[in-house]
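J.:
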Amino acid sequence: MPLKLYNSLTRQKEVFEPINAPYVGMYVCGPTVSGESHLGHARPFITFDVLYRYLVHQGYKVRYVRNITDAGHFEEEGKQAEDKIATKAILEKLEPMELVQKYTHLYHWAMEQFNNLPPSIEPTATGHIVEQIEMIKKIIADGFAYEANGSVYFDVIKYNDVYSKKNQPYGILSGRNIEDQLETTRELDNQDEKKNKVDFALWKKAPAEHIMRWQSPWGEGFPGWHIECSAMATKYLGKQFDIHGGGMDLQFPHHECEIAQSTVCNHEMPARYWVHNNMITINGRKMGKSYNNVVKLSELFDGSHPILTQAYSPMTVRFFILQSQYRGTLDFSNEALQASEKALKRLMEAYEWLKAQSFTNNTSATDAALDKQLVTWVNELGEFMDDDLNTAKVVANLFEIAPLINSLKDKHIAADAISGASWSFAQKQLILFIENILGLKVVDGANQVQLHGVIQLLIEIRSDAKSRKDFATSDKIRNQLMDMGIQIKDEKDGEVSYSLA
RNA sequence: GGUCGGGUGGCCGAGUGGCUAGGCAGAGCUCUGCAAAAGCUCCCACAGCGGUUCGAAUCCGCUCUCGACCUCCA
Numbered sequence: 019m020p021l022k023l024y025n026s027l028t029r030q031k032e033v034f035e036p037i038n039a040p041y042v043g044m045y046v047c048g049p050t051v052s053g054e055s056h057l058g059h060a061r062p063f064i065t066f067d068v069l070y071r072y073l074v075h076q077g078y079k080v081r082y083v084r085n086i087t088d089a090g091h092f093e094e095e096g097k098q099a100e101d102k103i104a105t106k107a108i109l110e111k112l113e114p115m116e117l118v119q120k121y122t123h124l125y126h127w128a129m130e131q132f133n134n135l136p137p138s139i140e141p142t143a144t145g146h147i148v149e150q151i152e153m154i155k156k157i158i159a160d161g162f163a164y165e166a167n168g169s170v171y172f173d174v175i176k177y178n179d180v181y182s183k184k185n186q187p188y189g190i191l192s193g194r195n196i197e198d199q200l201e202t203t204r205e206l207d208n209q210d211e212k213k214n215k216v217d218f219a220l221w222k223k224a225p226a227e228h229i230m231r232w233q234s235p236w237g238e239g240f241p242g243w244h245i246e247c248s249a250m251a252t253k254y255l256g257k258q259f260d261i262h263g264g265g266m267d268l269q270f271p272h273h274e275c276e277i278a279q280s281t282v283c284n285h286e287m288p289a290r291y292w293v294h295n296n297m298i299t300i301n302g303r304k305m306g307k308s309y310n311n312v313v314k315l316s317e318l319f320d321g322s323h324p325i326l327t328q329a330y331s332p333m334t335v336r337f338f339i340l341q342s343q344y345r346g347t348l349d350f351s352n353e354a355l356q357a358s359e360k361a362l363k364r365l366m367e368a369y370e371w372l373k374a375q376s377f378t379n380n381t382s383a384t385d386a387a388l389d390k391q392l393v394t395w396v397n398e399l400g401e402f403m404d405d406d407l408n409t410a411k412v413v414a415n416l417f418e419i420a421p422l423i424n425s426l427k428d429k430h431i432a433a434d435a436i437s438g439a440s441w442s443f444a445q446k447q448l449i450l451f452i453e454n455i456l457g458l459k460v461v462d463g464a465n466q467v468q469l470h471g472v473i474q475l476l477i478e479i480r481s482d483a484k485s486r487k488d489f490a491t492s493d494k495i496r497n498q499l500m501d502m503g504i505q506i507k508d509e510k511d512g513e514v515s516y517s518l519a
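Numbering (this note's numbering), first residue to last: 19 to 519.
Below, the structure is given as C-alpha cells:
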C-alpha cells in the first residue's frame with residue numbers, strides 16, 4: 019500500500035509520489051530562536067521526524083531541510099522586560115547573535131533529547147541574506163513588488179489578478195479570498211507605505227534602534243518574515259520540491275506568502291504536498307506566548323512548571339505526541355502525560371524482552387488463530403503509517419501485541435502457541451517500527467553495569483531472607499528499592515527481575 | 001465580523017454507514033507469604049433536536065458550545 023498524505027493545498031489525502039524518485043525534498047519551517055522552545059514546538063519537529071524516518075524506511079533518498087529563523091525582531095526580548103534597567107542589562111549583555119546562539123543550542127539539545135534525527139541541511143536566515151535580496155530583486159524586476167521609503171512590499175493585488183487566471187489566486191492554500199481580506203485585515207504600522215493593506219513586506223527598512231541590519235539596494239534593513247523560507251527552500255531543494263511542512267498556524271499568512279513569492283520567482287508552485295500539523299492545546303486553548311500558557315521543554319523535563327506534579331522524560335513527551343494523529347489538536351495536561359508515561363513504560367518493557375529473545379523458525383503454531391492475529395496486527399503497523407501517518411493506530415496495535423509478548427514471557431500462553439517464524443517476524447517489525455520509525459528509544463541510565471551488579475546482590479540477599487521466611491528483611495529491601503524507583507518483580511518461574519522507574 | 005475546524009466514556013485519544021480502537025484511572029479475578037508486575041474480565045461513550053437509511057458517532061439540516069486563522073506564532 020502506498021503512503022498517503024493529507025495535502026492542505028487540495029484538502030484531501032493523496033498518494034505520495036515524489037517528483038523525482040527516489041529523491042525526496044522536504045522543507046519544514048523551523049523555530050525562531052529568540053526564546054526557549056516550548057511543548058508546542060515539539061509537535062511539528064517530532065511529526066516531521068517520523069515522516070522523515072518513514073520516507074527513509076521506504077527507500078527514498080530524502081533531503082530534509084529545516085531552517086533556523088535567526089533574523090527579525092530580536093529586540094522584542096528586551097522590550098518585554100518592563101524594568102528599564104533590566105532591559106538595558108539585557109541589551110548590553112547579549113549581542114543579538116549571542117542570544118540566537120544560546121537558544122539555538124537549547125533547541126538542538128531538545129531535538130536530541132527527543133531523538134529527532136538531524137535534518138540534512140539546517141540553514142539560517144542570517145546566512146542567506148544575499149539569496150533573499152536576490153529573490154526580492156527578481157520579484158521587483160517582474161513587477162510584483164515595489165519599494166517604498168527603504169522598504170519593499172509584495173504587490174498582492176497584482177499577483178492575485180495575474181495568477182487567478184492561472185488558477186493560483188492568492189489564498190489558494192488557506193482558502194481565503196482577497197475581498198474578505200481587504201475588509202478584515204487590521205491596520206498596521208507603515209500602512210501608508212503600502213499600496214494596499216494586504217501587501218506584505220519583503221524587506222523592511224531598519225529603524226535606528228533595530229540591532230540586526232544588513233546593507234541592501236534599498237538601504238539598511240532586514241528581510242521580511244516570509245522571504246527566508248522561500249529563498250532557502252529554493253536554494254537547497256530547487257524551484258519545486260515534494261513536501262513543505264509546518265504548523266497549521268503558519269498556513270496563513272506565512273505559507274501563503276511563500277507560495278506567492280516563489281511562484282513569481284520560479285514560475286512554479288514551490289511544493290506539491292503541504293503538510294500541516296495541528297496545535298497542542300492546554301485546557302482546549304492553543305499553547306502560545308500570547309496566551310501566556312506555555313510550558314517550556316526544560317520545565318517539562320525537570321517538572322518545574324506549576325501545573326506539573328513531576329518531571330517527564332523526553333521519550334514520554336514524544337510518545338504522548340505519537341499517541342495522537344498529527345492533524346488533530348492534542349490537549350495537554352499533567353494527567354495525560356502521566357498516562358503516557360505509564361503506557362510507554364509497559365510497552366517498552368514488553369518490547370525489550372521480546373527484542374532479547376531468539377526464535378527458531380522451525381516451530382509451528384499450535385494456536386493458528388492467535389498466530390494469524392499476531393501477524394495481522396504486525397502487518398497493520400505499516401498500513402496505518404501509510405494512512406497519513408496514523409501513529410495513534412500504530413501505537414494502539416503495539417498495545418494489542420504487548421499482552422501477547424507478556425503472555426509468552428509469563429507462560430500464560432504456550433511457547434509454541436505462535437510459530438517461531440511469526441515471533442521472529444514480529445520481533446523484526448517491532449524493532450523497525452518502535453525504534454526506527456517512531457523513534458522511541460530505551461532510556462538507559464548511567465553506570466548500568468555497576469548498578470545492575472548492586473541490584474543483583476540485593477536480590478540475592480532478599481531471596482535468602484525469603485527462604486528463611488525472614489519477610490521483614492525481604493520486604494525492607496523491596497520497599498526501599500521501590501522508594502528509589504527500582505521495582506523488584508517476582509516472576510512466575512521463581513526468577514526475580516527488576517525495572518527502573 | 002470573515003474563513004475554517006471541532007464537540008467521543010473520569011482523563012487523553014482513534015474511528016466517515018453495520019464489525020472490540022488503544023492508553024491511563026477505577027472494579028473483580030488469577031498468580032503471590034503479602035505486594036508489585038503480568039495476564040484475564042468489567043466499566044457498552046459518541047453535545048442536543050430533527051431528517052435520510054433496513055441500519056449513523058460516522059451523511060444532511062437546525063440549535064447550543066469550544067477552538068484556530070484573519071497580527072508574530074510550531
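For glycine and all other residues, C-beta sits at the position ideal for the given N, C-alpha and C. Small disclaimer: the values here were computed from a predicted structure and weren't measured.
If I measure Cβ to Cβ from THR378 and keep anything under 7 angstroms in the same chain, skipping five residues before and after, which residues do I get?
T.: GLY438
J.: Output the boundary residues of the beta strand (DSSP E) element that contains MET44.
T.: 41-46
J.: Quick check on ASP406: does DSSP put it in helix, strand or coil?
T.: coil
J.: Decide if ASN195 is buried, meaning its Cβ has at least 16 other Cβ atoms within 10 Å, or exposed.
T.: exposed
J.: Nearest-angstrom Cα distance between TYR181 and MET287?
T.: 11 angstroms
J.: Whole-angstrom Cβ separation of LYS223 and GLY237, contact assumed at under 8 angstroms?
T.: 6 angstroms
J.: Could you give the distance in angstroms between the alpha-carbon of LEU372 and the alpha-carbon of GLN445?
T.: 6 angstroms
J.: Taking just the CA atoms, how far does MET250 sit from TYR87?
T.: The sequence given here has Thr at residue 87, not Tyr. For the pair THR87 and MET250, the Cα-to-Cα distance works out to about 11 angstroms.
J.: Please list, in chain order, all residues of the same chain as LYS176 whose beta carbon is under 8 angstroms from its beta carbon, the five residues on each side excluded.
T.: GLY161 and PHE162
J.: For LYS79, which residues in the same chain have their Cβ closer than 6 angstroms to its Cβ, ignoring the five residues on either side in sequence?
T.: In chain order, PRO40 and TYR41 place their CB closer than 6 angstroms to the CB of LYS79, counting only its own chain and leaving out the 5 sequence neighbours on each side.
J.: To the nearest angstrom, how far is the alpha carbon of HIS323 from that of HIS56?
T.: 12 angstroms
J.: So what does DSSP say about HIS273, is it helix, strand or coil?
T.: helix
J.: Where does the unbroken alpha helix (DSSP H) through ILE175 begin, and where does it stop?
T.: 174-182
J.: I'd like to know whether the C-beta atoms of GLN341 and VAL396 end up nearer to each other than 7 angstroms.
T.: Between GLN341 and VAL396, the gap from beta carbon to beta carbon reaches 7 angstroms or more.
J.: Using DSSP with H/G/I as helix, E/B as strand and the rest coil, what is SER138?
T.: coil
J.: Check the C-beta distance from SER138 over to ARG81 and give it rounded, since I have them as a contact under 8 angstroms.
T.: Right, the Cβ-Cβ distance comes to about 5 angstroms (below 8 angstroms), so this counts as a contact.
J.: Runs of 4 residues minimum, wholly inside the segment 388-460: which ones carry the alpha helix (DSSP H) assignment?
T.: 409-427 and 438-448
J.: Am I right that GLY400 and VAL46 are in contact with their C-beta atoms under 8 angstroms? What's the rounded C-beta distance?
T.: Actually they are not in contact, since the Cβ atoms of GLY400 and VAL46 sit about 23 angstroms apart, beyond 8 angstroms.
J.: How would you call VAL33, buried or exposed, if buried means at least 16 neighbouring beta carbons within 10 angstroms?
T.: Burial call: exposed.
J.: Measuring straight from C-alpha to C-alpha, what distance separates ASN214 and SER316?
T.: 43 angstroms
J.: Based on the DSSP secondary-structure assignment, which residues constitute the bridge partners of ILE86?
T.: THR142
J.: Going by DSSP, which residues form a beta bridge with ARG81?
T.: GLY43
J.: Does DSSP classify ASN25 as helix, strand or coil?
T.: strand
J.: Can you tell me which residues form a DSSP beta bridge with ASP508?
T.: For ASP508, which the question treats as bridged, DSSP gives the partners VAL514.
J.: Going along the chain, which residues of its own chain have a beta-carbon closer than 6 angstroms to the beta-carbon of THR409, five neighbours each way excluded?
T.: LEU340
J.: Who does GLY53 pair with in a DSSP beta bridge?
T.: Its beta-bridge partners do not exist; DSSP assigns none.
J.: Taking the CB atoms as reference points, tell me whether ASN352 and LEU326 lie closer together than 7 angstroms.
T.: yes
J.: Which residue comes first and which comes last in the beta strand (DSSP E) that contains PHE240?
T.: 239-241
J.: With a 10 Å radius around its C-beta and 16 neighbouring C-beta atoms as the bar for buried, classify ILE423 as buried or exposed.
T.: Flag for ILE423 reads buried.
J.: For SER492, does the three-state DSSP call read helix, strand or coil?
T.: It is helical.
J.: When you compare each of GLU113, ILE277, THR122 and MET129 to PHE63 by their alpha carbons, which one comes out closest?
T.: MET129
J.: Return the Cβ separation of TYR171 and PHE218 in integer angstroms, given the expectation that the two are a contact with Cβ distance under 8 angstroms.
T.: 7 angstroms
J.: Please identify the residue among ARG29, HIS294, LYS22 and SER26 whose C-alpha is closest to the C-alpha of PRO36.
T.: The option with the nearest alpha carbon to PRO36 is LYS22.
J.: Check THR299 in the structure and name its three-state DSSP category.
T.: strand
J.: What residue range does the beta strand (DSSP E) around TYR164 cover?
T.: Start and end: 163-166.
J.: Does DSSP put PHE259 in a helix, a strand or coil?
T.: strand
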